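J.:
In this note's numbering, the protein residues as written are 46 to 288.
1) Is it the case that the Cβ atoms of residue 248 and residue 156 are separated by a distance below 9 Å?
2) How long is the line joining the alpha carbons of residue 136 and residue 175, rounded to whole angstroms?
3) CA-CA distance, residue 142 and residue 206?
4) Would you identify the three-state DSSP class for residue 115, choosing helix, strand or coil?
5) Given residue 223, which residues of its chain have a CB within under 7 Å of its CB, disregarding the five upstream and five downstream residues?
6) Suppose the cutoff is 7 Å on Cβ atoms and the five residues either side in sequence are ignored; what does the same chain contact list for residue 235 look like?
7) Are the CB atoms of residue 154 and residue 318 within a distance shorter than 9 Å?
8) Quick one: what does DSSP say residue 84 is sitting in, helix, strand or coil?
9) With 16 other CB atoms within 10 Å as the buried threshold, where does residue 70 fall?
10) Would you say residue 265 and residue 211 are within 9 Å of each other, going by their C-beta atoms?
11) Buried or exposed, going by whether 16 or more other CB atoms sit within 10 Å of the CB of residue 61?
12) Measuring only the C-alpha atoms, how far is residue 79 from residue 68?
13) Alpha carbons only, please: which of 151, 126, 283 is nearest the one belonging to residue 138?
14) For the candidate residues 213, 149, 131, whose alpha-carbon lies nearest to that of residue 268?
15) Check each candidate in 108, 241, 63 and name the one with the smallest Cα separation from residue 149.
16) Please determine, among 231, 140, 165, 221, the residue with the shortest C-alpha to C-alpha distance to residue 182.
17) Relative to the C-alpha of residue 126, which residue among 97, 233, 158 is closest?
18) Going straight from the alpha carbon of residue 279 to that of residue 173, what length do you get?
19) What's the gap between the Cα of residue 251 and the Cα of residue 217?
20) Could you say which of 283, 109, 164, 226 lies nearest to residue 243 if we only look at CA atoms?
21) With a 10 Å radius around its C-beta and 16 neighbouring C-beta atoms as the bar for buried, classify residue 283 as buried or exposed.
22) Hey, residue 77 and residue 107: beta-carbon distance below 9 Å or not?
23) Do residue 204 and residue 286 have their beta-carbon atoms positioned less than 9 Å apart in this structure?
24) So, using beta-carbon positions, are residue 104 and residue 87 closer together than 9 Å?
25) Taking all protein chains shown into account, do 16 or more other C-beta atoms lie within 10 angstroms of the C-beta of residue 66, making it buried, or fewer, making it exposed?
Structure, rendered in structure tokens:
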């Protein structure tokens with residue numbers, strides 16, 4: 046996995062380094078939950094490369110629950126401790142978290158990504174957190190959620206239907222969401238921005254089922270952060286979502 050690069054950091058603790066090495070071996074065998082557990086132990090021992098790898102595991106949904114907050118936390122910590130890749134890309138996360146990233150940037154970067162075989166951790170983390178920031182900033186969460194879930198309810202895709210069930214939202218909350226969106230409103234513009242992101246993913250060569258899953262997961266994150274969050278189940282990672 047090219048994303049997980051050779052470590053720039055080596056721990057002075059043999060035990061910590063051994064846990065990191067076990068994590069790398071687990072990754073190479075696609076045992077992602079096991080890798081995460083080893084990296085968590087190594088990270089608790091101060092292994093900066095383990096922190097960075099955890100940000101990728103969480104951000105790209107390699108395990109369940111899919112946690113963008115855990116990804117961002119590891120990203121911030123990795124950068125503060127000097128990990129070069131975390132530092133060089135930190136501007137993306139900072140921009141997303143202050144609501145200044147822009148869907149045009151997300152779309153452009155998505156269309157240019159070279160990793161076709163998996164979801165891009167950094168872009169997904171930024172897309173989810175940026176969308177939530179905008180929804181909160183402009184009071185658009187309810188209309189955005191109603192629109193997205195009303196549209197999802199009409200899908201024939203079994204994975205989308207199961208996602209809707211996991212949100213725990215009743216028909217009363219979302220029925221008519223497609224019709225209530227006011228053209229030019231904040232919710233309308235946020236939905237259009239997410240459309241841009243999805244189209245860019247498709248144009249990059251990403252399989253449609255991954256694009257659909259990505260959109261559901263971003264919407265699910267916004268729901269988790271909304272007044273409806275207590276109703277929703279944890280976000281599923283890629284394998285569990287598509288199972």
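Where is the CB? At the ideal position from N, CA and C, for every residue including glycine.
Please read these numbers as outputs of a predicted model, since none were measured by experiment.
T.: By the coordinates alone:
1) As a first step, residue 248 must be located in the chain shown, where it is residue number 203. As a first step, residue 156 must be located in the chain shown, where it is residue number 111. For residue 248 and residue 156, yes; Cβs fall inside 9 Å.
2) The sequence position of residue 136 within the chain shown is 91, counting from 1. The sequence position of residue 175 within the chain shown is 130, counting from 1. Cα to Cα, residue 136 sits roughly 13 Å from residue 175.
3) Stepping through the chain shown from its first residue, residue 142 is reached at position 97. Stepping through the chain shown from its first residue, residue 206 is reached at position 161. Going by the C-alpha atoms only, they are around 30 Å apart.
4) To locate residue 115, count along the chain shown from 1; it is residue 70. Helix, per DSSP.
5) Numbered from 1 along the chain shown, position 178 holds the residue referred to as residue 223. 192, 195, 196, listed in sequence order.
6) Here residue 235 corresponds to residue number 190 of the chain shown, with the count starting at 1. Result list for residue 235: 176, 179, 180, 185, 189, in chain order.
7) Nothing in the structure corresponds to residue 318, since the chain is present only between 46 and 288.
8) Looking up residue 84 in the chain shown gives position 39. Helix, per DSSP.
9) Locating residue 70 in the chain shown gives position 25, where the first residue counts as 1. With fewer than 16 other Cβ atoms within 10 Å, it is exposed.
10) One-based indexing of the chain shown puts residue 265 at position 220. One-based indexing of the chain shown puts residue 211 at position 166. Inclusion of residue 265 and residue 211 in the CB contact set at 9 Å is warranted, their separation being smaller than that value.
11) Locating residue 61 in the chain shown gives position 16, counting from the first residue. Under the 10 Å beta carbon count, residue 61 is surrounded by 16 or more other beta carbons and is classified as buried.
12) Translated into the one-based positions of the chain shown, residue 79 becomes position 34. Translated into the one-based positions of the chain shown, residue 68 becomes position 23. Rounded to whole angstroms, residue 79 to residue 68 spans 7 Å at the Cα level.
13) The count along the chain shown starts at 1 and reaches residue 138 at position 93. The option with the nearest alpha carbon to residue 138 is 151.
14) As a position in the chain shown, residue 268 is number 223, starting the count at 1. When each option's Cα is compared against that of residue 268, the closest is 213.
15) Position 104 of the chain shown, counted from the start, is the residue given in the question as residue 149. Of the residues 108, 241, 63, the one whose Cα lies closest to the Cα of residue 149 is 241.
16) On the chain shown, residue 182 is found 137 positions in, with the first residue counted as 1. Residue 182 has its Cα closest to that of 231, out of 231, 140, 165, 221.
17) The residue labelled residue 126 in the question sits at position 81 within the chain shown. Measuring from the Cα of residue 126, the nearest candidate turns out to be 97.
18) Counted from its first residue, the chain shown places residue 279 at position 234. Counted from its first residue, the chain shown places residue 173 at position 128. If you draw a straight line from the Cα of residue 279 to the Cα of residue 173, it comes to about 14 Å.
19) As a first step, residue 251 is located in the chain shown; it is residue number 206 there, counting from the start. As a first step, residue 217 is located in the chain shown; it is residue number 172 there, counting from the start. If you take the alpha carbons of residue 251 and residue 217, they lie about 34 Å apart.
20) Mapped onto the chain shown, residue 243 falls at position 198. The shortest C-alpha separation from residue 243 is found at 164.
21) Taking the chain shown and counting its residues from 1, the one referred to as residue 283 is at position 238. Counting Cβ neighbours within 10 Å, residue 283 comes out buried, since at least 16 surround it.
22) The residue labelled residue 77 in the question sits at position 32 within the chain shown. The residue labelled residue 107 in the question sits at position 62 within the chain shown. Yes. Within cutoff.
23) Residue mapping note: residue 286 aligns to position 241 of the chain shown, counting from 1. Residue mapping note: residue 204 aligns to position 159 of the chain shown, counting from 1. The answer is yes: Cβ separation under 9 Å.
24) Residue mapping note: residue 104 aligns to position 59 of the chain shown, counting from 1. Residue mapping note: residue 87 aligns to position 42 of the chain shown, counting from 1. Not in contact: residue 104 and residue 87 (Cβ atoms no closer than 9 Å).
25) For the purposes of this step, residue 66 is identified with residue 21 of the chain shown, where counting begins at 1. When all chains shown are included, residue 66 counts as exposed.
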